[in-house]
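To start, the structure under review is shown below, and the notes come after it.
Structure (structure tokens):
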């Protein structure tokens, strides 16, 4: 409310990922493979572990808040227990760096790599680290996958790819829903709105809003610098777009 800076959390290398926990703590992942847990009232981490020497590109918290998922620079995806730091499951099969991974349900995830692959996974329940099992049909973009998002009800996935398209996927089967969302530049981010609309932002200096019918463009907002990240406000009335040089709030 005051717009004042609350806290700075110093790291030893570039921070690539961050996520809030249910109790208000913050989990970050950096380029050295360090995963740190922070309390907003303290300048030093209250907990930490490492996945050396490979960086953590993306983090996702499980729906029950007990596990954290990491998309890693070495082409692997890891699932850690948040309290013990032990690896619960490893997901092996990507052919390149993994920039993004998300929870679909408590026992199902999706991940995307720089070679354009989108995989759906599950894993058997066991005491020690287990290997993830691929499910459904893999989707393949012509360019790398930069971001994955899950719809509010968990039935759809939305991809953002460097091949200048976004694609809706069935989160159970991995099969495409409708035609791709075509753009003039590489996709940087995507988002679902509670009203059923979809936001995309790309390096062609545009943030686009699409309506429920796949491929139906509703509006375009232009920026002087390419759109990098995008999200909806909770009431779905506004979208916040971060450009390469500035942030803009757009109705």
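Numbering (this note's numbering), first residue to last: 170 to 420.
By construction, the Cβ of each residue, glycine as well, lies at the ideal position given by its N, Cα and C atoms.
>> Below 8 Å on the Cβ atoms is my contact criterion, and I expect residue 226 with residue 186 to pass it. Report the Cβ-Cβ distance as a whole number of Å.
In response: Contact holds; Cβ gap of about 6 Å.
> Can you tell me where the beta strand (DSSP E) with residue 371 in it begins and where it stops?
Replying inline: Unbroken beta strand (DSSP E) run through residue 371: 367-371.
> With 16 as the cutoff for other CB atoms within 10 Å, does residue 297 come out buried or exposed?
Replying inline: Classification for residue 297: exposed.
> Any idea what DSSP makes of residue 292, helix, strand or coil?
Replying inline: In the structure shown, residue 292 sits in coil (DSSP, three-state: anything other than H, G, I, E or B).
> DSSP on residue 187, reduced to helix/strand/coil?
Replying inline: Here residue 187 sits in strand by DSSP.
> residue 174 lies in the beta strand (DSSP E); which residues open and close that run?
Replying inline: Careful: residue 174 lies outside any beta strand (DSSP E) and carries neither H nor E.
> Roughly how many angstroms separate the alpha carbons of residue 316 and residue 309, rounded to a whole number?
Replying inline: Computed Cα separation, rounded: 14 Å.
> For residue 287, which of 299, 353 and 305 has the nearest alpha-carbon?
Replying inline: Taking residue 287 as reference, the option from 299, 353 and 305 with the minimal CA-CA separation is 305.
>> Closest to residue 274 by C-alpha separation, out of 246, 244, 207 and 323, would be which residue?
In response: Restricting attention to 246, 244, 207 and 323, the CA atom closest to the CA of residue 274 is found in 323.
>> With a threshold of 6 Å on Cβ separation, who are the neighbours of residue 219 within its own chain once the five nearest residues in sequence on each side are excluded?
In response: Closer than 6 Å at the Cβ level, and outside the excluded window around residue 219, lie 202 and 203.
>> Per DSSP, what are the beta-bridge partners of residue 205 in this structure?
In response: Within the DSSP bridge table, the entry for residue 205 names 197 and 217 as partners.
>> On the CB-based measure, 16 or more other CB atoms within 10 Å of its CB, does residue 340 come out buried or exposed?
In response: Flag for residue 340 reads buried.
> How about residue 373 and residue 354: are their beta carbons less than 8 Å apart?
Replying inline: Yes, these two residues count as a Cβ contact at 8 Å.
> Terminal residues of the continuous beta strand (DSSP E) containing residue 269?
Replying inline: For residue 269, the enclosing beta strand (DSSP E) starts and ends at 269-274.
> From residue 176 to residue 195, what does the alpha carbon distance come to, in whole angstroms?
Replying inline: Computed Cα separation, rounded: 11 Å.
> Can you tell me the Cα-Cα spacing of residue 180 and residue 368, whole angstroms?
Replying inline: If you draw a straight line from the Cα of residue 180 to the Cα of residue 368, it comes to about 32 Å.
> Among 294, 230, 255 and 235, which has the Cα closest to the Cα of residue 269?
Replying inline: Taking the Cα of residue 269 as reference, the smallest distance to any Cα among 294, 230, 255 and 235 is reached at 230.
> Considering only residues of the same chain and omitting the five flanking positions on each side of residue 200, which have a CB-CB separation below 7 Å?
Replying inline: Short of 7 Å from the beta carbon of residue 200, and not among the five residues preceding or following it, lie these beta carbons of its own chain, in chain order: 182, 183, 185 and 224.
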